[in-house]
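Right, one structure below, let's go through it.
Number of protein chains: 4
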Amino acid sequence: MTIKVGIIGAGVMGSDHARTIAAAVSGASVSAVADIDAERAQSLAADVGAAAFNDPLALIAASEVDAVLVASHDSTHTELVLACLAAGKPVLCEKPLALDLDDCASILVAEQATGTRLVSVGFSRRFDPANVALKDALIAGQIGRPLLAHAVHRNVSNSPDGDSASTVLNSAIHECDQTPWLFDHPVTEVSWHAPASTSLLPQRQDPQLILLRTADGALTTVEVFVNAVYGYDVRLEVVGETGTLSLGEPALVIRNSDLARSADYPADWRPRYAAAYRAEAQAWVDSVASGKYHPALASAADGYRATAVAHAVIASMDSDGAVTTVKYPHADLLAAVEGAHR
Amino acid sequence: MTIKVGIIGAGVMGSDHARTIAAAVSGASVSAVADIDAERAQSLAADVGAAAFNDPLALIAASEVDAVLVASHDSTHTELVLACLAAGKPVLCEKPLALDLDDCASILVAEQATGTRLVSVGFSRRFDPANVALKDALIAGQIGRPLLAHAVHRNVSNSPDGDSASTVLNSAIHECDQTPWLFDHPVTEVSWHAPASTSLLPQRQDPQLILLRTADGALTTVEVFVNAVYGYDVRLEVVGETGTLSLGEPALVIRNSDLARSADYPADWRPRYAAAYRAEAQAWVDSVASGKYHPALASAADGYRATAVAHAVIASMDSDGAVTTVKYPHADLLAAVEGAHR
Amino acid sequence: MTIKVGIIGAGVMGSDHARTIAAAVSGASVSAVADIDAERAQSLAADVGAAAFNDPLALIAASEVDAVLVASHDSTHTELVLACLAAGKPVLCEKPLALDLDDCASILVAEQATGTRLVSVGFSRRFDPANVALKDALIAGQIGRPLLAHAVHRNVSNSPDGDSASTVLNSAIHECDQTPWLFDHPVTEVSWHAPASTSLLPQRQDPQLILLRTADGALTTVEVFVNAVYGYDVRLEVVGETGTLSLGEPALVIRNSDLARSADYPADWRPRYAAAYRAEAQAWVDSVASGKYHPALASAADGYRATAVAHAVIASMDSDGAVTTVKYPHADLLAAVEGAHR
Amino acid sequence: MTIKVGIIGAGVMGSDHARTIAAAVSGASVSAVADIDAERAQSLAADVGAAAFNDPLALIAASEVDAVLVASHDSTHTELVLACLAAGKPVLCEKPLALDLDDCASILVAEQATGTRLVSVGFSRRFDPANVALKDALIAGQIGRPLLAHAVHRNVSNSPDGDSASTVLNSAIHECDQTPWLFDHPVTEVSWHAPASTSLLPQRQDPQLILLRTADGALTTVEVFVNAVYGYDVRLEVVGETGTLSLGEPALVIRNSDLARSADYPADWRPRYAAAYRAEAQAWVDSVASGKYHPALASAADGYRATAVAHAVIASMDSDGAVTTVKYPHADLLAAVEGAHR
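Listed in order, the protein sequences are those of chains A, B, C and D. Take the first sequence: its letter number 166 is residue 166 in this note's numbering, and every next letter is one higher. Take the second sequence: its letter number 23 is residue 365 in this note's numbering, and every next letter is one higher. Take the third sequence: its letter number 188 is residue 872 in this note's numbering, and every next letter is one higher. Take the fourth sequence: its letter number 146 is residue 1172 in this note's numbering, and every next letter is one higher.
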């Protein structure tokens, strides 16, 4: 059985997902591509042998679409995921699930009403082989009880349009999910701190330093620097009672030249996470085909929680870095949905 | 279109290939598995949703098999590849193509007779992302003209059955193909040298040191050590006029514990080359589907040449390390086949 | 001219300094050793060819002592440094200069009264070749304006006697000096944060996370973990507008064995900072001999400021991690002393 | 007691040694400097507070010279070392001890006639902390019996004056000493091999590949590349029955910038071996002062053997890379001298 996937959004991420699913995922094809820019939709559709749509709702409704991947603008996620749920079709939504907690909750309610699990969220780090190996080593007890973690998340450059809050909702959102995934405990309180800010992205505070405390007491420092210039670089070290675990620094090739030994950084996240995107897409397609969801695939509840953490961080940012409790106002709903999925 | 692949050989490599093609390659399924051990065939077939065969020739003939992957004992390669050619079916044969040059030549002749390209050889390093990046950097001129290379190839342990020649034909055969692939020139002369030999594999000289000279004058040192105990470790450095390029040392996770910073080695080649095996299988399936062969896929002629280099190394071994010219006795045939494929 | 050095304190640090000065510093000898434990004093004195003293004040007064190195218990520093100043003898005092700001100030006043510079403080990281190279690269503009730094300071184990404040005054004191030295701006405000605490040193919060803001706006995160078990490990990364600089991870030898590639950590700081201790001692001896102080040698004013930062960190610890302004109550004195020394 | 050292040769190495001994060695001063270029001698002498000499023989005879360091042109070594022996003064001679075996032997005879040990040779790698740690780990049995080693020795650039033999006598001479020092067995046979040669130093074969077999059967590959352009880079890996040991890649600082993570190479050997030169000079001065020679200091016999190995390599170069037995024609003399020194 081949799962026919419809892709909504033919931008950087949508194109990357479409090409991966079309060329490197077993049991899947890309049958439809939608974008508000018709030309962009047609160009990507032609590349991957799919039909082009202008209207994403038409794509969702189309009979040649078994499952939907949403990679359009963040502000469209809620409406499109709800439409997938209304159509009874599985959907993988790029992060964040929604920018607003009530929107996240409306998705949870709608999914609950379908009586089955249909929503996944694109927290792709859960499929990064290095992240997975680090978590496995942690669970295996290689460093004892975890006490502390240091995360670093640096992009080469970023749009001048965003503000400091958008850094949290678009970039640090990964660490808002990764941290509870890694420690298997929710984030309970956060604080936000401002280093000196780069002059190269004057519209925002950049870099930002965020502290996340999980329910096990562990404290995670997160440096998120969206205009770091030098390369795309993501790091993680977990410090336990008897040792530490860090992600290796990926380097396919080491070059000796010009009085230096060097390894190249990618200019963006795609080379760094190519294996993770493929594994995530494969896990999603397999889950759709079998009806049994891969345990690492982020659920709507995971998406809700990451947005909740991000909002707490922004609240701290807006109150001079005060330590801020993370609020999960739809706790009963989360518990009900997760109970049903187990 | 889905390419239905038949796997011959349900041992370590055949199982690995079968699972990769069944679970992680776009446009392919595994439809049949054959092994001389019926139970092993059935077990793997069940895993990947395929039919089990006892007789590999029956598998080759079966209508539900579009293309064949040969991963059975080296000594069976020639017969099975010839059967695929007789059936007009594309075949990916694990290395070495054949242990004997005349056998390699008979395959070339039979393929030539089909009027098309049907044979590929599993020199998977050509699809290793790090090897590919190194070659790309070399071609891009990052280190000037290449002068010298150092290759290291170490296995944890090896069968006491093999002799010193089998090390060359089974292990160093990778470097016999990798070296001309990297420099884009054939190997012209070789010599073989014996370090002190480990007491842990008394049946063979181990490690061995091999020098390979390519037609561009570059000299490659190859250490092949099949019972190196400490881990599976493959390295390559190319030295050019203005710099060097090496494979990065892969490490998903760095562990700090017990007064050391450490990165694990795999116990065998499968984790190290998992991405290469997937990419190779995908490229082969795509080539079969399109009829256009991926340029990195090793051809029967490449397989012939690697075996020719291996025989020259064994000849040097048998003559006290004398510098030995590599003989390609079927040069006209190689030229004819390669002309036809271009 | 040979400077005859008297060593007060024959414990771990005093012995290390004594042996370095006796065996590996040009223009110096160790002429006297004092310790409250007479046997320990005699043993070290015999090792380095010096006279043994019971009374440190007698050592300071002795005619065969040109200059004094104080490596006795922290609580004795003030009295001994003041005695050196009273005797008009140059003194290198191990960190911290004093545990109390008023004591530090009394030293500054006494030194000012001598009309010359006589006091140096053993902030040895200023002489670590890697730290020096990092600072040089920063000053050379290799990463643009510094915005943020991450410091990590981990010991294998620590005495159960200390409390959480002692971690700051004895261990984090290095980062309290290193940070303003690196950025060439004083620390203006700090905050203190508690990760989950190890069960292996129940008397203290361990690890601790400290944020230091310097007058240039840069924010430095300091993890100090005094019972980290796995090894002695100190790290530093400075993040600038266009890149970052980190200390290399020192590794004399890489070992491949037992399915891992590994590099040993030292069990304590002595191997890590052996070159720094030698360079510091040489710089101090040269300064004493020439009367011209090496610019990297920490002065009494530097010692005062580090203690002031440490007290602000402890104040934050005592007030639930509140952001706390660093107070330098003797600012006029600091300015006067530093003006005089220039 | 201060050893007053006279330095012969105020070039790169002589100046480096003079500054190290004057500024960073305990128990030594530089009292005299000689060079055939009077201005150069005076300039260095002024720097280190020494008297300048034109005539090296006058320096050797001078009463203010207790011990002599010879760092003048290779061709002068024999005469100067013999003059030191005639004067009964200890001498540390830069490598090679002499270019000719008979000259080496004449030094051995003259030293023997003094009835004591007076000659040391500047094989500074024996004092490199990483080399020492590697040898210690080897002796401790961390990798079992050594079977094979890979040495790499690359310089940025080299004089067009030299020929291929001079590469061996001036550069590879280090590995001619290091190899038997490491394995504690003499080199018994060698062979020489030519990679493609760089166009940037047309006067010589460059790089060269040398195989050295020691009496324990271990085989060492040596790549010596004197015009490697990219940086000064020396490496060593020893392969044993159960693991390997390599020198760490020194890096004080890691820089992230311009889409790369990089560590600088030095342009020449001085930064790489600064600690080794200091330790060697300290060991020599201590040996002279005590009359007990540090076991790592190379003796005249070690210097003889390294020259003998170099001559065998050149003989192989002159006979198409033939495997060549190393000849030690003054074996009785070597045995007698070494017996006397024990």
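All C-beta atoms, glycine included, are put in the ideal place defined by N, C-alpha and C.
Quiz item: Taking C-alpha atoms, which residue in C/P891, C/L822, C/V765 lies nearest to C/D868?
Solution: C/L822
Exercise. Report yes if the CB atom of A/L247 is closer than 8 Å to the CB atom of B/V407, and no otherwise.
Key: no
Self-check item: Best match in A/I3, A/R235, A/L59, A/A300 for proximity to A/A110 [C-alpha to C-alpha]
Solution: A/A300
Practice problem: State yes or no: is the C-beta of B/Q437 within less than 8 Å of the C-beta of B/G464? | Solution: Just to set this straight, residue 437 of chain B is Lys in the shown sequence, not Gln. Going by C-beta atoms, B/K437 is nearer than 8 Å to B/G464.
Quiz prompt | Same chain only: Cβ atoms within 7 Å of B/G537, ignoring 5 sequence neighbours per side | solution = Looking at the sequence shown, residue 537 of chain B is not Gly but Pro. These residues qualify, in order along the chain: P549, L551.
Quiz item: A/T244 versus chain C: which residues are under 9 Å apart at the beta carbon?
Solution: R838, A912, Y914, D917
Quiz item: How is C/A912 classed by DSSP in three states: helix, strand or coil?
Solution: In this structure, C/A912 counts as coil in the three-state DSSP scheme.
Practice problem: Please decide whether C/S974 counts as near chain D, where near means a Cβ-Cβ distance under 8 Å. | Solution: no
Practice problem: Can you give me the start and stop residues for the alpha helix (DSSP H) that D/F1209 sits inside? | Solution: 1199–1209
Exercise. Could you tell me which chain B residues have their CB closer than 7 Å to the CB of A/A133, listed as they occur along the chain?
Key: L594, V595
Quiz prompt | Candidates C/A718, C/A722, C/L866, C/G825: closest to C/L741 by CA position | solution = It is C/A718 whose Cα lies nearest to the Cα of C/L741.
Practice problem: Just list the beta strand (DSSP E) runs in the stretch 1079–1156 of chain D, keeping only unbroken ones of 3 residues or longer that don't cross its boundaries, in chain order. | Solution: 1093–1096, 1117–1120, 1145–1148
Practice problem: Could you tell me whether the Cβ of B/G590 comes closer than 8 Å to any Cβ of chain A? | Solution: yes
Quiz item: Taking Cβ-Cβ distances below 9 Å as the criterion, which residues of the stretch 184–197 of chain A are in contact with chain C?
Solution: Answer in chain order: S191, H193, A194, P195, A196, S197.
Quiz item: So, does the CB of C/Q826 fall closer than 8 Å to a CB anywhere in chain D?
Solution: For C/Q826, a Cβ of chain D is located within less than 8 Å of the residue's own Cβ.
Self-check item: chain A residues whose Cβ lies nearer than 7 Å to that of C/E907
Solution: L148
Quiz item: Where does the unbroken alpha helix (DSSP H) through A/A149 begin, and where does it stop?
Solution: Annotation for A/A149: no alpha helix (DSSP H) segment contains it, though the beta strand (DSSP E) segment containing it runs 146–154.
Quiz item: When DSSP labels each residue in this structure, what does B/A661 get in the three-state scheme?
Solution: Per the sequence shown, residue 661 of chain B should be read as Ser rather than Ala. Residue state, collapsed to three classes: coil.
Quiz item: For the stretch 537–547 of chain B against the stretch 574–584 of chain B, are there 3 or more C-beta pairs whose distance is under 8 Å?
Solution: no
Practice problem: Please state whether DSSP places A/S43 in a helix, a strand or coil. | Solution: helix
Practice problem: Using only alpha-carbon positions, find the residue among B/L676, B/A374, B/P544 that is nearest to B/V405. | Solution: Note that residue 405 of chain B corresponds to Ser in the displayed sequence, not to Val. Looking at the Cα atoms, B/A374 is the closest of the given residues.
Quiz item: Over what stretch of residues does the beta strand (DSSP E) that includes C/V652 continue unbroken?
Solution: Chain C is shown only over 685 to 1026; residue 652 of chain C falls outside these bounds and no answer can be derived.
Self-check item: Alpha carbon of C/A770 to alpha carbon of C/A833, nearest angstrom
Solution: 40 Å
Quiz prompt | Nonlocal neighbours in the same chain, by C-beta distance under 8 Å from D/A1067, ignoring five residues either side | solution = So the qualifying residues of the chain are A1036, V1059, A1060, D1061, A1078, F1079, N1080.
Quiz item: In whole angstroms, what separates the C-alpha of A/A267 from that of D/A1286?
Solution: 10 Å
Quiz item: If you draw a straight line from the alpha carbon of B/D660 to that of D/S1190, how long is it in whole angstroms?
Solution: Straight-line measurement puts the Cα of D/S1190 at about 31 Å from the Cα of B/D660.
Practice problem: Could you name the residues that DSSP lists as bridge partners for D/R1287? | Solution: A/A263, D/N1282
Self-check item: DSSP-derived helix/strand/coil call for A/Q282
Solution: helix
Quiz item: In angstroms, rounded to a whole number, what distance separates the CA positions of A/A279 and A/A308?
Solution: 26 Å
Practice problem: Can you tell me which of C/A708, C/L853, C/S710 puts its alpha carbon nearest to the alpha carbon of C/R644? | Solution: Any answer about residue 644 of chain C is impossible in this case: the structure gives chain C only from 685 up to 1026.
Quiz item: Going straight from the alpha carbon of A/I314 to that of A/V323, what length do you get?
Solution: 11 Å
Quiz prompt | Pairwise C-alpha distance: D/H1320 and C/V908 | solution = 41 Å
Practice problem: Using a Cβ-Cβ cut-off of less than 7 Å, give me the residues of the stretch 945–968 of chain C that come near chain B, in sequence order. | Solution: R945, S946, A947, D948, Y949, A951
Quiz item: Using the beta-carbon of each residue, which ones in chain A are nearer than 7 Å to B/P471?
Solution: L252
Exercise. Decide if B/T458 is buried, meaning its Cβ has at least 16 other Cβ atoms within 10 Å, or exposed.
Key: exposed
Quiz item: According to DSSP, what are the bridge partners of A/E223?
Solution: A/V152, A/L209
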